[in-house]
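Going down the list, the protein sequences come from chains A and B. The first sequence runs 1366 to 1505 under my numbering. The second sequence runs 311 to 464 under my numbering. Here the structure is laid out as C-alpha cells; the discussion comes afterwards.
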Amino acid sequence: MVYLTRKIEFSASHLYHNPVLSAEENKRIFGKCNNPHGHGHNYALEVTVAGEPDPVTGMVLDLKELKEILEREVMRRMDHRFLNYEVEELKDQIPTCENIARLIWKLLEPKITQGRLFKVRLYESPDLFAECYRNGAAEE
Amino acid sequence: MSDELKVELGRRYRFAASHRLHSEKLSQEENCRIYGKCNNPYGHGHNYVVEVHVSGPVDAATGMITNLADLDEFVNREVIEAFDHRSFNEDVAEFCEQVPTTENVCVEIFRRLKAFPKAKLERVVVEETSNNTFEYAGRESRITLRRSSKRENQ
C-alpha cells in the first residue's frame, strides 16, 4: 500500500457560540473564540489517499484530479469565507477544527474513487490540528 | 466502508532540557562507543517538541473532543513544568537510573498523560531535533523512530 499526501492552505474566519448556552457559559467554554465579530486562521489541510500504484501510470491517483477535487470541495467552499455564515454544512455546528475536519472528510470520501481516503489532517495553527480516519484503518 | 469515523485532536508543546546518555550497566568504552558524543559527562540539551494526540466523541454542544484549556493545563502540569529547563538525569526521578534517550522520554510522557480524564490518549510524538522524531501509542504498539535526514547535527 502506498500513501499519498497532498497539502493545501486556505484562510477563513469563524467564531464559537452555541445559542443554547447562556452568554456566561459561552464565554467560559469558548473564551476568546466567543468574540462575536469572529477571528481567522490560516488553515493547512493534509489529505492522505491510500492505494496501490496503477501498473500502467505508476499513480495511486492522478494528483491533478485530487487537486481539482480539493479546489471544488474545500477551497471554493471555505477559502476567504466566514465559516459560521457561509458554509451551509457548518451552520448548525460549532466550526471547531474537529468539526471542519470531519466535514472535509465527508465531502472528500465519496469523491475519491481511485485509491481510498485514508486520513484528513487539518491544522488551525502549527500547534493545533484535528485528524479524521476510519477506525481500524492502520498504516502498513 | 462501514467502520466508524474517528476524530483526533493534536496539540504541540515545547520544552528545553538537557540529558546525558550513559548506562551504569556498560563499561566506559561501551558507553563511549554506543552513545558517542551524547556520552559527554557534562550533558547537552535539546529543544523538544511534544505532539499529543487525543480522541473521543465530538461533543455536539461544543464541537470539541476536549476543551483545549483542560488539555493544556494537564500537559503543562504533568510534563512541561516537570521537564522544561531541567536536566533529565538529575532532575527527573524516572531518569536517575533509566537512560534518558528520547525513546524512554516518549514512553514516560505517554505514561504521565495516559490519565487525562477528558479524552483518550492515542499517541505521543516527540521531536528531539527536527531530524529525529519518536512516536509511542501505548504498550501494545512499537516505538517508531523517523529520521528525516542523515545530517549528523545533534
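Where is the CB? At the ideal position from N, CA and C, for every residue including glycine.
Under a 10 Å Cβ-count criterion, A/Tyr1450 is classified as exposed, with fewer than 16 other Cβ atoms of the shown protein chains found around its own Cβ. Taken in chain order, the complete alpha helix (DSSP H) segments of 4 or more residues contained in the segment 407-434 of chain B are 412-423. Excluding its 5 nearest sequence neighbours in each direction, B/Val409 has C-beta neighbours in its own chain below 6 Å: Leu331 and Ser333, listed in chain order. At a cut-off of 7 Å between beta carbons, A/Asp1457 makes no contact with chain B. Per the coordinates, the alpha-carbon of B/Val436 lies some 14 Å from the alpha-carbon of B/Arg422.
Taken in chain order, the complete alpha helix (DSSP H) segments of 4 or more residues contained in the segment 321-369 of chain B are 338-345. A/Tyr1381 sits in coil when the DSSP states are folded into three classes, being neither helix nor strand. In this structure, the alpha-carbon of B/Glu418 lies about 42 Å from that of A/Arg1446.
By the neighbour-count criterion, in which a residue is buried when 16 or more other Cβ atoms sit within 10 angstroms of its Cβ, A/Ala1495 is buried.
Between B/Ala429 and B/Thr376, the C-beta gap is smaller than 7 Å, which places the two residues in contact.
Counting along the chain, A/Lys1429 sits inside the alpha helix (DSSP H) bounded by residues Leu1428 to Leu1435.
The three-state reading of DSSP puts A/Glu1417 in coil, since its state is none of H, G, I, E or B. Within the segment 1486-1505 of chain A, the residues whose Cβ lies closer than 8 Å to any Cβ of chain B are, in chain order, Arg1486, Pro1491, Asp1492, Leu1493, Phe1494, Ala1495, Glu1496, Cys1497, Tyr1498, Arg1499, Asn1500, Gly1501 and Ala1502.
Chain order gives the chain B residues near A/Ala1466 as Val317, where near means a beta carbon separation below 7 Å. Residue range Leu1493 to Arg1499 is occupied by the beta strand (DSSP E) that includes A/Arg1499.
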